[in-house]
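Engineer: First to last, the protein sequences are chains Z and C. Each position in the first sequence, counted from 1, maps to that position plus 4 in our numbering. Each position in the second sequence, counted from 1, maps to that position plus 4 in our numbering.
Protein chains: 2
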Amino acid sequence: MSNDTIYNPHVSVDCVIFGFDGEKLKLLLIERTISEQNELYNDKKLPGSIILADEDLDDAANRVLNELTGLKNIYLSQFHSFGNPRRTENPRDVLWLEKTTQLKIGRIVTVAYVAMIKIDRKIQFKSDQTSANWYDLNEVQKMNLAFDHADIINKGLEHIRHKSEIEPHLLFELLPRKFTITQLQTLYDTLHQTKSDVRNFRKKVVQWPYIVALDELEEGVPHRAARLYKYKK
Amino acid sequence: MSNDTIYNPHVSVDCVIFGFDGEKLKLLLIERTISEQNELYNDKKLPGSIILADEDLDDAANRVLNELTGLKNIYLSQFHSFGNPRRTENPRDVLWLEKTTQLKIGRIVTVAYVAMIKIDRKIQFKSDQTSANWYDLNEVQKMNLAFDHADIINKGLEHIRHKSEIEPHLLFELLPRKFTITQLQTLYDTLHQTKSDVRNFRKKVVQWPYIVALDELEEGVPHRAARLYKYKK
Numbered sequence: 005m006s007n008d009t010i011y012n013p014h015v016s017v018d019c020v021i022f023g024f025d026g027e028k029l030k031l032l033l034i035e036r037t038i039s040e041q042n043e044l045y046n047d048k049k050l051p052g053s054i055i056l057a058d059e060d061l062d063d064a065a066n067r068v069l070n071e072l073t074g075l076k077n078i079y080l081s082q083f084h085s086f087g088n089p090r091r092t093e094n095p096r097d098v099l100w101l102e103k104t105t106q107l108k109i110g111r112i113v114t115v116a117y118v119a120m121i122k123i124d125r126k127i128q129f130k131s132d133q134t135s136a137n138w139y140d141l142n143e144v145q146k147m148n149l150a151f152d153h154a155d156i157i158n159k160g161l162e163h164i165r166h167k168s169e170i171e172p173h174l175l176f177e178l179l180p181r182k183f184t185i186t187q188l189q190t191l192y193d194t195l196h197q198t199k200s201d202v203r204n205f206r207k208k209v210v211q212w213p214y215i216v217a218l219d220e221l222e223e224g225v226p227h228r229a230a231r232l233y234k235y236k237k
Numbered sequence: 005m006s007n008d009t010i011y012n013p014h015v016s017v018d019c020v021i022f023g024f025d026g027e028k029l030k031l032l033l034i035e036r037t038i039s040e041q042n043e044l045y046n047d048k049k050l051p052g053s054i055i056l057a058d059e060d061l062d063d064a065a066n067r068v069l070n071e072l073t074g075l076k077n078i079y080l081s082q083f084h085s086f087g088n089p090r091r092t093e094n095p096r097d098v099l100w101l102e103k104t105t106q107l108k109i110g111r112i113v114t115v116a117y118v119a120m121i122k123i124d125r126k127i128q129f130k131s132d133q134t135s136a137n138w139y140d141l142n143e144v145q146k147m148n149l150a151f152d153h154a155d156i157i158n159k160g161l162e163h164i165r166h167k168s169e170i171e172p173h174l175l176f177e178l179l180p181r182k183f184t185i186t187q188l189q190t191l192y193d194t195l196h197q198t199k200s201d202v203r204n205f206r207k208k209v210v211q212w213p214y215i216v217a218l219d220e221l222e223e224g225v226p227h228r229a230a231r232l233y234k235y236k237k
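(1) Should ASP18(Z) be labelled buried (16 or more other beta-carbon atoms within 10 Å of its own) or exposed?
(2) Along the chain, which unbroken stretches of the beta strand (DSSP E) at least 3 residues long are found entirely within the stretch 82 to 138 of chain C?
(3) Using alpha carbons as the reference points, say which of LYS146(C), GLU220(C), LYS122(C), TRP100(C) lies closest to ASN77(C).
(4) Would you call the stretch 114 to 128 of chain C in contact with the stretch 145 to 163 of chain C, where contact means no fewer than 3 C-beta pairs closer than 8 Å?
(5) From what residue to what residue does the alpha helix (DSSP H) around THR194(Z) run?
(6) Can you name the start and end residues of the beta strand (DSSP E) that ASP219(C) belongs to?
(7) Any C-beta of chain Z within less than 7 Å: which residues of the stretch 199 to 210 of chain C qualify?
(8) Name the chain C residues that come within less than 8 Å of GLN82(Z), Cβ to Cβ?
(9) Quick one, which of VAL209(C), THR184(C), LEU179(C), HIS196(C) has its alpha-carbon nearest ARG231(C)'s?
(10) Can you tell me whether ALA64(Z) is buried or exposed, with buried defined as 16 or more other CB within 10 angstroms of its CB?
(11) Does the beta-carbon of ALA229(Z) have 16 or more other beta-carbons within 10 angstroms, so that it is buried, or is it exposed?
(12) Between the stretch 125 to 158 of chain C and chain Z, which residues of the former have CB atoms less than 9 Å from a CB of the latter, in chain order?
(13) Using a Cβ-Cβ cut-off of 8 Å (strictly less than) and excluding sequence neighbours within five positions of ILE54(Z), which residues of its own chain qualify?
(14) Per the DSSP calculation, THR37(Z) is bridged to which residue(s)?
(15) I'd like to confirm the pairing. Which residues does DSSP put opposite ILE21(Z) in its beta bridges?
(16) Since ARG231(C) is in the beta strand (DSSP E), which residue starts that stretch and which ends it?
(17) Could you name the residues of chain C that ASN88(Z) contacts, counting a contact when the two beta carbons are closer than 7 Å?
(18) How many angstroms separate the CA atom of TYR139(C) from the CA atom of ASP124(C)?
(19) What did DSSP end up calling SER200(Z) once you bin it into helix, strand or coil?
(20) Is ILE34(Z) close to chain C, meaning its C-beta is less than 8 Å from at least one C-beta of that chain?
(21) LYS234(Z) and ARG181(Z) look like a contact to me (Cβ under 8 Å); what is the Cβ gap, rounded to whole Å?
(22) How far does the alpha helix (DSSP H) with ILE54(C) in it extend, from its first residue to its last?
(23) Between the Cα of LEU178(C) and the Cα atoms of MET120(C), ASN94(C), ASP97(C), ASP58(C), which residue gives the shortest distance?
This is how it looks when you write it as structure tokens:
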């Protein structure tokens, strides 16, 4: 081991931020505009950042999330690190990163986090330089994304799918505070890529001790208003 | 972000290697000898390495495991990355690392893996400079370890405890190829810090479809020889 610089990759965090609008699972992505030979090129990337000099990994992920959304008390969990030397093989990604960070970029090892946000929470997108938006997961899976962000998203999805099977309460991080059984089922089925029977699903979940029926119906819907439920810790 | 070097931590992998000798859960640690003011100081560390210039994270962990034990086809799984800036605050750790790697060491982000080894597999400890040995987990938890390796071990233990609940077949990565129900119970109870009732435990596990009773008894034991079982995938 002689060449010191070679062995010093940059380290970054990337956040796979899931949301659910009552019908579809969504991802919060940042639009990136790159000027290439006098033409503008657009694509999307995960919110992320190179870690600061004296910053722990969790702190870096919290900073990214807070700078972007202004939200606190968000479910955030480290799930995997990605360090393939070829993840920076696209010159477009490297040029963009060198321009935005003013750093000379070689290799980057990134530590990935999942976050879950209730889409009905008011998000104040803070950062001026970035344009963040929610995109349908289906749509995202057809997009050209920066770096290996498509792989990171797939692994993040696998992670919350797996984790919410063991800890079903995680589903309620994504649902609105007051939700219908149909919304719960839609989220469940989207995550697990299943199509549950409506009556069986309802029978099952109303028995969960942490689901409480409210004396309220949903409002402003074109169909017959359904009962609202809430999650009790 | 102006000072480039500050933002380039080193990246390493560390392996929490579990083994089970039929009675106790064990960890494979490396003894480290440091000369300090003409006195020799001894402690233990996890097997690990700074990643090589063109090496993916999984490849680095496999290299460490293979260089150390000569074994292939070992269960190895990334579980968490540790990047607290204070993990290199002990000058002893930094001096030792700079001496063994010939690198100038600042901050190190480490990607941690768990591995599971059947202790009855013949291990050819390969590395000349290191002395690797199995230590009882109980003993390890009282030791002074290098860096934040005590934290990494606790998190690794939590990981396999959690993971083997969902995927009980992982227990058989640790058990000998032919094992008794008592060994299985001891491993299970050690991992989950429980004390199962012998008869209930036996009743439960003989119903697992992947456990097969053999026409063989254990040999060379001072007590009545018990039936051997094997795991069928």
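Every residue gets a Cβ at the ideal spot worked out from N, C-alpha and C, and that includes glycine.
Structural biologist: A quick look at the data gives this:
(1) Buried: at least 16 other Cβ atoms inside 10 Å.
(2) Fully enclosed beta strand (DSSP E) runs of no fewer than 3 residues occupy 112 to 122 of the stretch 82 to 138 of chain C, in order along the chain.
(3) It is LYS122(C) whose Cα lies nearest to the Cα of ASN77(C).
(4) With a cut-off of 8 Å, the stretch 145 to 163 of chain C and the stretch 114 to 128 of chain C count as touching, because enough Cβ pairs lie within range.
(5) Run containing THR194(Z): 185 to 196, per the alpha helix (DSSP H) assignment.
(6) Its beta strand (DSSP E) spans residues 215 to 221.
(7) Result list empty, no residue passes.
(8) Ordered by position in chain C, the residues that pass the 8 Å Cβ test against GLN82(Z) are HIS84, SER85.
(9) Comparing Cα-Cα distances from ARG231(C) to each of VAL209(C), THR184(C), LEU179(C), HIS196(C), the minimum goes to THR184(C).
(10) Flag for ALA64(Z) reads buried.
(11) By the neighbour-count criterion, in which a residue is buried when 16 or more other Cβ atoms sit within 10 angstroms of its Cβ, ALA229(Z) is exposed.
(12) Of all residues in the stretch 125 to 158 of chain C, none has a Cβ within less than 9 Å of some Cβ in chain Z.
(13) HIS14, VAL15, SER16, THR105, LEU107, ILE112, listed in sequence order.
(14) Its beta-bridge partners are ASN46(Z).
(15) Beta-bridge pairing links ILE21(Z) to ALA119(Z).
(16) Here the beta strand (DSSP E) through ARG231(C) covers 231 to 235.
(17) Those are ASP60, listed as they occur along chain C.
(18) Each residue's alpha carbon lies about 15 Å from the other.
(19) Reduced to three states, the DSSP call for SER200(Z) is coil.
(20) No, ILE34(Z) lies away from the interface with chain C (no Cβ there is under 8 Å from its Cβ).
(21) Contact between LYS234(Z) and ARG181(Z) holds: CB atoms are separated by about 6 Å, below the 8 Å threshold.
(22) It is not in any alpha helix (DSSP H) - ILE54(C) instead sits in the beta strand (DSSP E) that spans 52 to 54.
(23) Measuring C-alpha to C-alpha distances from LEU178(C) to each of MET120(C), ASN94(C), ASP97(C), ASP58(C) identifies MET120(C) as the nearest.
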